[in-house]
Amino acid sequence: MVTVFGLGFVGLTTALGFAHLGYTVYGVDVDEKRKGTLRSGQIPFFEPYMEDVLNEHLDKNFFVTDDIEEAIKNSEYVFYCVGTPYGEMGSADLTYLFSAIDTTVDAIKDEKFRVLVTKSTIPPSTTAEKIYPYVKSKGKIADNIGVANNPEFLREGHCWEDFIEADRIVLGCNDGRSKEMLLDLYRDMNIPIKCVSHSTGEFIKYLSNTLLATLISYSNEMSQVADSIGGIEIAEAFKILHMDKRWNNCDMTSYVYPGCGYGGYCLPKDTSALYSQAKAKGFEPQILKNVISTNDNISKAIVKKITSGLNRDQAIGILGLSFKPESDDVRDTPAAKIIKAMIEAGYKNIYTYDPIAIKEFKEKYPSIIVNYCDSAKEVYDNSEVIAVVTAWEEFKKIKEFGDKKIIDCRYML
Ligand SMILES: NC(=O)c1ccc[n+]([C@@H]2O[C@H](COP(=O)([O-])OP(=O)(O)OC[C@H]3O[C@@H](n4cnc5c(N)ncnc54)[C@H](O)[C@@H]3O)[C@@H](O)[C@H]2O)c1
Numbered sequence: 001m002v003t004v005f006g007l008g009f010v011g012l013t014t015a016l017g018f019a020h021l022g023y024t025v026y027g028v029d030v031d032e033k034r035k036g037t038l039r040s041g042q043i044p045f046f047e048p049y050m051e052d053v054l055n056e057h058l059d060k061n062f063f064v065t066d067d068i069e070e071a072i073k074n075s076e077y078v079f080y081c082v083g084t085p086y087g088e089m090g091s092a093d094l095t096y097l098f099s100a101i102d103t104t105v106d107a108i109k110d111e112k113f114r115v116l117v118t119k120s121t122i123p124p125s126t127t128a129e130k131i132y133p134y135v136k137s138k139g140k141i142a143d144n145i146g147v148a149n150n151p152e153f154l155r156e157g158h159c160w161e162d163f164i165e166a167d168r169i170v171l172g173c174n175d176g177r178s179k180e181m182l183l184d185l186y187r188d189m190n191i192p193i194k195c196v197s198h199s200t201g202e203f204i205k206y207l208s209n210t211l212l213a214t215l216i217s218y219s220n221e222m223s224q225v226a227d228s229i230g231g232i233e234i235a236e237a238f239k240i241l242h243m244d245k246r247w248n249n250c251d252m253t254s255y256v257y258p259g260c261g262y263g264g265y266c267l268p269k270d271t272s273a274l275y276s277q278a279k280a281k282g283f284e285p286q287i288l289k290n291v292i293s294t295n296d297n298i299s300k301a302i303v304k305k306i307t308s309g310l311n312r313d314q315a316i317g318i319l320g321l322s323f324k325p326e327s328d329d330v331r332d333t334p335a336a337k338i339i340k341a342m343i344e345a346g347y348k349n350i351y352t353y354d355p356i357a358i359k360e361f362k363e364k365y366p367s368i369i370v371n372y373c374d375s376a377k378e379v380y381d382n383s384e385v386i387a388v389v390t391a392w393e394e395f396k397k398i399k400e401f402g403d404k405k406i407i408d409c410r411y412m413l
């Protein structure tokens with residue numbers, strides 16, 4: 001049996017994934033609204049297939065529970081999928097993780113061996129230098145506890161397929177018993193499993209996310225180089241770059257393409273956390289430093305492009321609020337940075353539309369005051385200049401509405 005702490009994108013996918021494999025799974029969360037939504041058979045965010053899978057397993061072998069003692073008593077595996085947001089100086093904030101570990105340890109009342117597995121993204125050395133000593137410090141009970149990490153590589157919008165058909169499963173373990181238990185847990189999945197040290201497991205996740213962030217910042221810097229020289233067809237140049245056989249079929253080309261900078265929950269905070277971690281350990285990574293500053297500056301360059309030649313009363317249209325299409329996630333979304341910067345510069349007449357992320361955007365950024373519209377056409381009709389900020393497919397027809405000035409920040413038209 002499995003207990004999963006945190007029922008967000010990663011935790012819910014993990015919980016339902018194990019339920020799908022036939023295990024009994026207890027889901028724990030501190031967010032009452034989220035638990036209520038799940039108990040009523042709904043998903044608290046936009047994610048294809050997940051509602052069907054939830055309803056297949058809810059109250060059969062997946063239970064959203066408040067009885068943590070009962071869940072822990074029955075479980076051999078405890079997974080942590082809680083948030084690890086920005087902390088001090090850009091580091092990872094581990095408060096939620098340690099709070100969930102505390103809750104677990106307090107709930108253990110017997111001698112059964114359990115493995116505590118961190119699936120949340122945590123900086124390299126966290127399991128070895130913080131979690132393991134912390135759990136050990138809890139006294140004799142620690143002899144019955146193994147600690148491991150199992151980083152998650154899923155993409156929002158593809159959570160279910162990325163769990164069920166993962167490219168690889170990484171297990172960061174330092175004891176044989178936890179390793180054998182985790183290999184056993186995943187045995188029916190037929191996915192390559194790599195067992196590595198605690199810190200290697202953590203590092204692999206950052207290796208992946210910081211490379212993606214680097215590709216994005218590289219592409220954005222190159223688009224600015226091209227802009228500064230002039231006469232360069234930027235979208236065409238990148239599409240021709242993608243024709244190189246060495247890129248074909250690897251499905252990474254969307255990261256090697258200019259846009260509004262990386263956003264969403266993971267790339268910004270993880271790039272920042274690894275930079276901060278390396279710096280704290282005595283090495284300042286120069287590439288990561290510039291990846292971050294390029295990303296911070298791209299929204300300013302975009303605002304300059306959008307507002308060029310406009311007076312402060314003229315209306316600006318912003319199409320797209322989520323950090324990527326097919327998602328309602330607005331965490332660290334470039335749209336928020338761009339709109340905030342425009343408002344700060346005195347442009348207050350802003351119209352915006354997103355197919356599914358308006359509700360999330362309003363909730364997450366209550367201080368951003370803009371006119372929310374029901375369609376891209378309404379934005380177009382009300383604005384002097386329209387900027388495409390998220391690459392939603394439906395924005396491809398924006399040029400059909402007329403001949404107003406359009407700033408294609410995603411190079412998609
Ligand atoms: N979102 C992704 O695409 C993705 C992909 C791979 C890895 N990750 C990593 O996985 C982790 C979770 O990400 P997410 O997007 O699922 O986050 P999320 O914000 O969607 O979900 C986190 C959940 O944890 C809950 N929580 C917080 N403290 C808790 C506690 N003490 N006990 C129980 N529940 C608690 C929150 O209420 C929330 O529902 C992060 O470390 C993230 O970096 C995310």
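Each residue of the sequence shown is one higher than the one before, counting from 1 in the numbering used here. No residue lacks a Cβ here, since even glycine has one placed at the ideal position from N, Cα and C.
* Closest Cα partner of PHE5 within the set ILE339, TYR262, VAL117 -> VAL117
* When DSSP labels each residue in this structure, what does LEU319 get in the three-state scheme? -> strand
* In DSSP terms, what ALA92 is bridged to -> TYR86
* Asked: For ligand 1, is there a heavy atom less than 7 Å away from the beta-carbon of THR214?
  -> no
* Asked: Which same chain residues, not among the five before or five after SER217, have their C-beta less than 6 Å away from its C-beta?
  -> VAL291, THR294, ASN295
* Measuring from the CB of VAL30, is there a heavy atom of ligand 1 at a distance below 7 Å? -> yes
* To do: For LEU7, count neighbouring Cβ atoms within 10 angstroms of its own Cβ and tell me buried if that reaches 16, exposed if not.
  => buried
* beta strand (DSSP E) segment containing ARG177, residue limits -> Not the beta strand (DSSP E): ARG177 falls in the alpha helix (DSSP H), residues 176-185.
* According to DSSP, which residues form a beta bridge with ALA148? -> VAL117, CYS173
* What does a CB cutoff of less than 6 Å around ALA166 pick up in its chain, not counting 5 residues either side in sequence? -> ILE191
* Skipping 5 residues on each side, what residues in its chain have a beta carbon closer than 6 Å to that of SER219? -> VAL256, TYR257, PRO258
* **Buried or exposed by the 16-neighbour rule on C-beta atoms within 10 Å, applied to MET252** => exposed
* For SER383, I'd like the list of residues in its chain whose CB is within less than 8 Å of its CB, leaving aside the five on either flank, ordered along the chain. => ALA315, ILE316, GLY317, TYR351, LYS404
* So does PHE5 have its beta carbon nearer than 7 Å to some heavy atom of ligand 1? -> yes
* To do: Can you say whether GLN277 is buried or exposed, counting buried as having 16 or more other CB atoms within 10 angstroms of its CB?
  => buried
* Run of the alpha helix (DSSP H) containing LYS239, from where it starts to where it stops -> 234-241
* Asked: Taking just the CA atoms, how far does ASN209 sit from CYS266?
  -> 8 Å
* To do: Go to THR3, then tell me how far its beta strand (DSSP E) extends in each direction, as first and last residue.
  => 2-5
* By how many angstroms is the C-alpha of ILE386 removed from the C-alpha of GLU393? -> 16 Å
* Alpha-carbon to alpha-carbon, GLN224 and GLY11 -> 38 Å
* Under 7 Å from any heavy atom of ligand 1, does the C-beta of ALA166 make it? -> no
* Residue closest to GLY176, alpha-carbon to alpha-carbon, out of TYR134, VAL115, SER125 -> VAL115
* To do: Using 10 angstroms around the beta-carbon of ILE229, count the other beta-carbons present and answer buried if the total reaches 16, otherwise exposed.
  => exposed
* Among ASP52, SER322, VAL135, PHE163, nearest to VAL388 - alpha-carbon criterion -> SER322
* **Complete alpha helix (DSSP H) runs within the segment 327-410 (minimum length 4 residues, chain order)** => 334-344, 358-364, 376-382
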